[in-house]
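Number of protein chains: 2
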Amino acid sequence: MPEPQAASPRTPDATRRSERSRRAIFDAALALVGEAGYARTTIEGIAARAGVGKQTIYRWWPSKAAVLLDAFLDLAGQAGEEGAGGLPDTGDLAADLKLVLRATVDELNDPRFDVPTRALTAEGVVDPDLGARFVERLLEPQLQLYVERLTAAQEAGHVRPGVDPRIALELFVGPLTHRWLLRTRPLTHAYADELVEYALHGIAPR
Amino acid sequence: MPEPQAASPRTPDATRRSERSRRAIFDAALALVGEAGYARTTIEGIAARAGVGKQTIYRWWPSKAAVLLDAFLDLAGQAGEEGAGGLPDTGDLAADLKLVLRATVDELNDPRFDVPTRALTAEGVVDPDLGARFVERLLEPQLQLYVERLTAAQEAGHVRPGVDPRIALELFVGPLTHRWLLRTRPLTHAYADELVEYALHGIAPR
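As given, the protein sequences belong to chains P and A, one line each in that order.
In terms of the numbering used here, the first sequence is residues 1116 to 1321.
In terms of the numbering used here, the second sequence is residues 1116 to 1321.
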C-alpha cells in the first residue's frame, strides 16, 4: 500500500491533507464500483468524485486495479475482525468460529461492504486475471487466518488428525459466500451458529 | 418451457424444423452470454447467430430473460445427473453424494456449462431481480433434490435427527460453488470426495 507520508519529509498539515485525499479516493473508488460496476469505474471518475486531480491518483497508484485493490484492502482492514492478530483463539473453537462468522454475516449485510465487494466479486467471476489478483491479495490472506486457527485447534486436539485445514475452512466460508452472493436465504447469526455446529460435528449420527 | 410442436397441428417436417430452430436459439443464446456477458446479449444477436428471424424468437418467448432462462433450464437438463428422478438413492448416502458431487465437478469444469453459467451467475450477483428469478427457477429446484435425498437419509437414520436438510445441503454445494466461482483451488473428484467426508462426519474428533 502506498505510504504518501513516507514519500518525502512533510509538514504535519501536508500529511493530514494526503491522508484526507487518500481516504476520499478510497471512498470514491468503492462508491463508484458499487454504483457502476468494476468495468465502468475509471480513474477520471474516481478523481472527480474524490475532488482531487487525476495526477494525485497516478502519483500513488499505477492503475485503476491498483487503487481499487488498496481501497478493498483498506475496507477489509476496517472490518476489523480479520485483523493482523488472526482469528480469536480462546481455546473454544466453536465459540471462536461463531464469533467470526457472525461478524462476517454483519459485514456482508452492511451495504458499505456488500455493494462494492459484490461488484468486485462479480467482475472477478468473469475476468480470470482480475479474479486471480484479488483472490491472491485479498481473499486468500483472509482464508489463511482460518488455516492458522484450525491448525492450532488440531494441535490442541479439537480437530481430527488428518483433516486438511485448507479444505475444512471451506465448510464455513463456502456456504456463507453462497448465501451472500446468490441471495438464496437470509444471512443471520442463527445461520452462522448452525453452520459452525454442522461443520464441526457433521450431519451423520455420531 | 414453450412447446412449439404443441402450438398447432404440424407435419413431422415442420416439427423437426421447429426443434432445430429451438436448439439453434438455445445454443446461440448460451454462446453469446458466455462471450459478451448477460447485459450485452440481445434478442437481435441471438437471432442473427441462430440464423432465424427475430420474430421466430418473439413468437415463443416474450423477452431475452425468458429465452435465456429456458436455454439454461435446457442446459441443466442435458447435464443429466440432476434429472426428474432426483438424486441417486442406493441407501449409501456418502457414495451417492460423492457420485453427485463428482458429476457436478465435471459439469463445472466443462466449458459448455462453465462459460455461460458463470456469466449468468455474475450478472445475478449484481442484479437482484435477475438473480432472484434464476435462483427460483433454476437453482432452488436443484437444491430441493438435495433436500429430498437428505430427508430420506434422515428417515433411514443416516442423518442426525434435528439437522435441517436445507442448511445441511449447503455444506456440499457452498464450498463447491465457492471454488468454482472464485477459482481459489482446483475442482477435482478427490476434493468432492473429501468434502462429502468432512460434511457428513464433521471436522471435530468423534
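Note that CB positions come from ideal geometry on N, CA and C, so glycine has one too.
Reduced DSSP secondary structure (H/G/I, E/B, other) of Ala1307 (chain A) = To locate residue 1307 (chain A), count along the second sequence from 1; it is residue 192. In this structure, Ala1307 (chain A) counts as helix in the three-state DSSP scheme.
Length-filtered (4 minimum) alpha helix (DSSP H) runs lying within the segment 1213-1291 of chain P | 1226-1241, 1243-1249, 1255-1270, 1280-1283
Neighbour flag for Leu1286 (chain P) against chain A, beta carbons, 9 Å | One-based indexing of the first sequence puts residue 1286 (chain P) at position 171. So yes, Leu1286 (chain P) belongs to the interface.
Would Tyr1306 (chain P) count as contacting chain A if we go by Cβ distances under 9 Å?
-> One-based indexing of the first sequence puts residue 1306 (chain P) at position 191. Yes, contact with chain A.
With contact counted as at least three CB pairs below 8 Å, one residue from each stretch, are the segment 1285-1296 of chain A and the segment 1282-1291 of chain P in contact?
-> yes
Got a sec: is the Cβ-Cβ distance from Thr1236 (chain A) to anything in chain P below 9 Å?
-> Your numbering for residue 1236 (chain A) matches position 121 in the second sequence. Chain P contact via Cβ: present.
With 9 Å set as the bound, which would you pick, yes or no: does the beta-carbon of Ala1314 (chain A) sit closer than that to a beta-carbon of chain P?
-> Locating residue 1314 (chain A) in the second sequence gives position 199, where the first residue counts as 1. So yes, Ala1314 (chain A) belongs to the interface.
Given that Pro1233 (chain A) touches chain P, what residues does it touch there, using C-beta distances under 8 Å?
-> Position 118 of the second sequence holds residue 1233 (chain A). A small fix is needed here, since residue 1233 (chain A) is Arg in this sequence, not Pro. Chain P residues near Arg1233 (chain A): Val1240, Val1241.
Whose Cβ in chain A lies nearer than 8 Å to the Cβ of Gly1092 (chain P)?
-> There is simply no residue 1092 (chain P) to check, as chain P begins at 1116 and stops at 1321 in what is shown.
With C-beta atoms as the reference, is Gln1257 (chain A) less than 9 Å away from Ala1191 (chain A)?
-> Looking up residue 1257 (chain A) in the second sequence gives position 142. Looking up residue 1191 (chain A) in the second sequence gives position 76. Yes, the pair counts as a contact, with Cβ atoms nearer than the cut-off.
Kindly indicate if chain A contains any beta-carbon less than 9 Å away from that of Ile1318 (chain P).
-> Here the question's residue 1318 (chain P) lines up with position 203 in the first sequence. Yes, because at least one Cβ of chain A sits closer than 9 Å to the Cβ of Ile1318 (chain P).
Cβ contact check for the segment 1274-1282 of chain P and the segment 1269-1283 of chain A: 3 or more pairs under 8 Å | no
Does the pairing of the segment 1304-1319 of chain A with the segment 1297-1317 of chain P give three or more beta-carbon distances under 8 Å?
-> yes
Going by beta carbon distance, what residues of the same chain come within less than 8 Å of Glu1159 (chain P), once the five residues before and after it are set aside?
-> Walking along the first sequence from the start, residue 1159 (chain P) turns up at place 44. Excluding residues within five positions, the ones whose Cβ falls inside 8 Å are Lys1169.
Closer than 9 Å, CB to CB, is Leu1223 (chain A) near chain P or not?
-> Along the second sequence, one-based indexing puts residue 1223 (chain A) at 108. Taking Cβ atoms only, chain P never reaches closer than 9 Å to Leu1223 (chain A), which makes this a no.
Report back the beta-carbon spacing between Leu1297 (chain P) and Val1250 (chain A) to the nearest angstrom; my notes put them in contact at under 8 Å.
-> In the first sequence, residue 1297 (chain P) corresponds to position 182, counting from 1. In the second sequence, residue 1250 (chain A) corresponds to position 135, counting from 1. Going by Cβ atoms, the distance from Leu1297 (chain P) to Val1250 (chain A) rounds to 6 Å, so yes, they are a contact pair.
Given Glu1309 (chain P), which residues of its chain have a CB within under 7 Å of its CB, disregarding the five upstream and five downstream residues?
-> Position 194 of the first sequence holds residue 1309 (chain P). For Glu1309 (chain P), where only same-chain residues beyond five positions count, there are no Cβ hits under 7 Å.
Chain A residues whose Cβ lies nearer than 8 Å to that of Gly1272 (chain P) = As a position in the first sequence, residue 1272 (chain P) is number 157, starting the count at 1. Residues of chain A passing the Cβ test: Pro1320.
Is Leu1145 (chain P) near Asn1224 (chain P), with beta carbons less than 9 Å apart?
-> One-based indexing of the first sequence puts residue 1145 (chain P) at position 30. One-based indexing of the first sequence puts residue 1224 (chain P) at position 109. Against a cut-off of 9 Å, the Cβ pair of Asn1224 (chain P) and Leu1145 (chain P) comes out as no contact.
Kindly indicate if chain P contains any beta-carbon less than 9 Å away from that of Val1220 (chain A).
-> Residue mapping note: residue 1220 (chain A) aligns to position 105 of the second sequence, counting from 1. It does not; no Cβ of chain P falls within 9 Å.
Among the residues of its own chain, which have a CB less than 7 Å from the CB of Asp1098 (chain A), if the five just before and after it don't count?
-> Look at the range of chain A in this structure, 1116 to 1321, and you will see that residue 1098 (chain A) is not part of it.
In chain order, what residues of the same chain have a beta carbon less than 7 Å from the beta carbon of Ala1143 (chain A), not counting five sequence neighbours either side?
-> Within the second sequence, residue 1143 (chain A) is the residue found at index 28, counting from 1. Excluding residues within five positions, the ones whose Cβ falls inside 7 Å are Ile1161, Arg1164, Ala1165.
Quick one: which chain A residues come within Cβ less than 9 Å of Arg1275 (chain P)?
-> Along the first sequence, read from residue 1 onward, the residue named residue 1275 (chain P) stands at position 160. Within 9 Å Cβ-Cβ: His1316, Gly1317, Ile1318, Ala1319, Pro1320, Arg1321.
Spell out whether any CB of chain A is found under 9 Å from the CB atom of Val1250 (chain P).
-> Counting from 1 along the first sequence, the entry for residue 1250 (chain P) is found at position 135. Yes, Val1250 (chain P) lies at the interface with chain A (some Cβ there is under 9 Å from its Cβ).
For Val1167 (chain P) versus Ser1136 (chain P), is the C-beta spacing smaller than 9 Å?
-> Here residue 1167 (chain P) refers to the residue found at position 52 when the first sequence is read from its first residue. Here residue 1136 (chain P) refers to the residue found at position 21 when the first sequence is read from its first residue. In this structure, Ser1136 (chain P) lies closer than 9 Å to Val1167 (chain P) by Cβ.
Residues near Lys1179 (chain A) by beta carbon distance below 6 Å, same chain, minus five either side = Looking up residue 1179 (chain A) in the second sequence gives position 64. For Lys1179 (chain A), where only same-chain residues beyond five positions count, the Cβ hits under 6 Å are Ile1158.
Would you please verify whether the beta carbon of Thr1157 (chain A) is less than 9 Å from any beta carbon of chain P?
-> Residue numbering aside, residue 1157 (chain A) sits at position 42 when the second sequence is read from its first letter. So no, Thr1157 (chain A) is outside the interface.
Over what stretch of residues does the alpha helix (DSSP H) that includes Gly1206 (chain P) continue unbroken?
-> As a position in the first sequence, residue 1206 (chain P) is number 91, starting the count at 1. Looking at the DSSP string, Gly1206 (chain P) is not in any alpha helix (DSSP H), and its letter there is neither H nor E.
Closer than 8 Å by beta-carbon distance: list the chain A residues that pair up with Glu1309 (chain P), in chain order.
-> As a position in the first sequence, residue 1309 (chain P) is number 194, starting the count at 1. Within 8 Å Cβ-Cβ: Asp1279, Ile1282.
Which residues mark the beginning and the end of the alpha helix (DSSP H) in which Pro1127 (chain P) is found?
-> The residue you call residue 1127 (chain P) lines up with position 12 of the first sequence. It spans 1127-1151 - the alpha helix (DSSP H) in which Pro1127 (chain P) sits, taken as one unbroken run.
Round the Cβ separation of Ala1237 (chain A) and Ala1237 (chain P) to the nearest angstrom and send it over; I've been treating them as touching at under 8 Å.
-> As a working note, residue 1237 (chain A) is residue 122 in the second sequence. As a working note, residue 1237 (chain P) is residue 122 in the first sequence. Right, the Cβ-Cβ distance comes to about 4 Å (below 8 Å), so this counts as a contact.
Since Gly1160 (chain P) is in the alpha helix (DSSP H), which residue starts that stretch and which ends it?
-> Residue 1160 (chain P) sits at position 45 when you count from the first residue of the first sequence. Looking at the DSSP string, the run of the alpha helix (DSSP H) that includes Gly1160 (chain P) is 1158-1165.
Determine the extent of the alpha helix (DSSP H) in which Arg1174 (chain P) is found, giving its start and end residues.
-> Taking the first residue of the first sequence as 1, we reach residue 1174 (chain P) at position 59. 1169-1175 is the span of the alpha helix (DSSP H), which, as asked, contains Arg1174 (chain P).
Does the beta carbon of Glu1255 (chain P) come closer than 9 Å to any beta carbon on chain A?
-> Start at 1 with the first residue of the first sequence, and residue 1255 (chain P) comes out as number 140. Taking Cβ atoms only, chain A reaches closer than 9 Å to Glu1255 (chain P), which makes this a yes.
Do you know how far the Cα of Thr1232 (chain P) is from the Cα of Ala1186 (chain P)?
-> As a position in the first sequence, residue 1186 (chain P) is number 71, starting the count at 1. As a position in the first sequence, residue 1232 (chain P) is number 117, starting the count at 1. A straight line joining the alpha-carbon of Ala1186 (chain P) with that of Thr1232 (chain P) spans about 11 Å.
What's the call for Ala1234 (chain P), buried or exposed, on a 16-neighbour Cβ count within 10 Å?
-> Working through the first sequence from its first residue, we reach residue 1234 (chain P) at position 119. Ala1234 (chain P) is buried by the Cβ-count criterion.
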